[in-house]
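If you read the sequences in order, they're chains A and B.
Number 91 marks the last residue of the first sequence (our numbering); no jumps.
Number 182 marks the last residue of the second sequence (our numbering); no jumps.
To keep things clear, I will list the structure first and then write my remarks on it.
Protein chains: 2
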Amino acid sequence: MNKKQLVAKLSGSLNLSKADAERTFDTITNTILDSLKNDEPVKIAGFGTYKVAKRKARVGRNPRTGEQIQIAASQKVKFLPAKALKEVFNR
Amino acid sequence: MNKKQLVAKLSGSLNLSKADAERTFDTITNTILDSLKNDEPVKIAGFGTYKVAKRKARVGRNPRTGEQIQIAASQKVKFLPAKALKEVFNR
DNA sequence: TTTCTATATGCAAAAACTGCATAGCCACTT
DNA sequence: AAGTGGCTATGCAGTTTTTGCATATAGAAA
Numbered sequence: 001m002n003k004k005q006l007v008a009k010l011s012g013s014l015n016l017s018k019a020d021a022e023r024t025f026d027t028i029t030n031t032i033l034d035s036l037k038n039d040e041p042v043k044i045a046g047f048g049t050y051k052v053a054k055r056k057a058r059v060g061r062n063p064r065t066g067e068q069i070q071i072a073a074s075q076k077v078k079f080l081p082a083k084a085l086k087e088v089f090n091r
Numbered sequence: 092m093n094k095k096q097l098v099a100k101l102s103g104s105l106n107l108s109k110a111d112a113e114r115t116f117d118t119i120t121n122t123i124l125d126s127l128k129n130d131e132p133v134k135i136a137g138f139g140t141y142k143v144a145k146r147k148a149r150v151g152r153n154p155r156t157g158e159q160i161q162i163a164a165s166q167k168v169k170f171l172p173a174k175a176l177k178e179v180f181n182r
């Protein structure tokens with residue numbers, strides 16, 4: 001499922017125009033991102049938590065040539081599924 | 092930031108009642124979950140992809156006692172941040 | 001059309017995962 | 001408005017899993 005299909009589904013379920021549905025969806029993702037930019041995790045009860053994980057610098061390798069490369073430290077967004085979410089898929 | 096705060100923010104930004112904002116938000120998460128239950132990944136351009144990852148059974152260890160344990164196979168929801176999302180946090 | 005994402009490759013090191021108790025925060029109900 | 005139950009973070013050790021490097025191509029999405 002892609003974003004367009006998701007927006008279409010929202011539009012139908014909620015009696016919104018597709019434009020409104022898309023605007024709503026974008027607002028949500030932007031709100032989450034803003035919070036994460038301030039290094040504040042976003043907790044959604046029953047769904048999961050988004051947080052920024054810091055990753056240390058380390059040694060990597062160019063798979064093509066095999067030579068070693070130094071990889072800089074970085075950050076990425078992590079999503080930790082809530083307990084309820086795990087249970088849906090494990091029974 | 093928790094769900095209540097997120098809903099409040101949506102309500103303000105989008106001129107929705109809080110009840111509507113919450114309903115909208117729940118609809119989104121449920122839609123995503125439904126897709127994942129059907130083993131279909133959800134791709135949100137510019138944000139990321141949700142997919143179900145299957146994990147094989149394996150041998151673990153109780154860190155407290157040190158004894159070996161058999162861990163059953165399981166599934167969990169993985170979120171892979173989109174390229175654009177990574178760049179926000181790495182510059 | 002043009003931008004974005006998945007894939008596939010080898011390999012080192014970081015990170016996740018397991019059980020479990022405690023502490024703390026959140027959400028829900030009275 | 002406040003109390004309580006429930007979920008989550010933390011720390012621990014060691015093994016499994018994931019990550020991420022470069023880069024072209026294929027496929028999909030905007």
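Don't be surprised by glycine CBs; every beta carbon is placed ideally from N, CA and C.
Source: prediction; values computed, not measured.
Short Cβ contact (7 Å threshold) for residue i with residue j
i: Ala53(A); j: Lys76(A); result: yes
i: Gln68(A); j: Arg61(A); result: yes
i: Ala65(A); j: Thr115(B); result: Reading off the sequence shown, one finds Thr at residue 65(A), where the question assumed Ala. It is not a contact, given that the beta carbons lie outside the stated cut-off.
i: Arg149(B); j: Ser165(B); result: no
i: Lys142(B); j: Lys174(B); result: no
i: Glu102(A); j: Val7(A); result: Limits of chain A in this structure are 1 at one end and 91 at the other, which puts residue 102(A) out of reach.
i: Ser11(A); j: Lys18(A); result: yes
i: Met92(B); j: Glu40(A); result: yes
Under 9 Å from the C-beta of residue i: neighbouring residues of chain A
i: Pro172(B); result: Lys76, Val77, Lys78 and Phe79
i: Ile135(B); result: Asn2, Lys3, Leu6, Phe25 and Thr29
i: Ser102(B); result: Here the premise fails: no neighbours, minimum Cβ distance about 10 Å.
i: Glu131(B); result: Met1
i: Lys177(B); result: Ser74, Gln75, Lys76 and Val77
Opposing strand residues paired with residue i [DSSP bridges]
i: Leu171(B); result: Thr140(B)
i: Gly60(A); result: Ile69(A)
i: Lys145(B); result: Gln166(B)
i: Ala93(B); result: A small correction: the amino acid at residue 93(B) is Asn; Ala does not occupy that position in the sequence shown. In DSSP, Asn93(B) forms a bridge with Lys43(A).
Amino acids of chain B, ordered along the chain, whose beta-carbon sits closer than 7 Å to that of residue i
i: Asn90(A); result: Ser165 and Gln166
i: Ser35(A); result: Met92
i: Val52(A); result: Phe180
Rounded distance between the beta-carbons of residue j and residue i, thought under 8 Å
i: Ile28(A); j: Ile119(B); result: 7 Å
i: Gly48(A); j: Leu16(A); result: Contact doesn't hold; Cβ gap of about 25 Å is too wide.
The ligand NAP heavy atom lying under 6 Å from the CB of residue i
i: Asn90(A); result: Ligands are entirely absent from the displayed structure, and the ligand NAP is therefore not among its contents.
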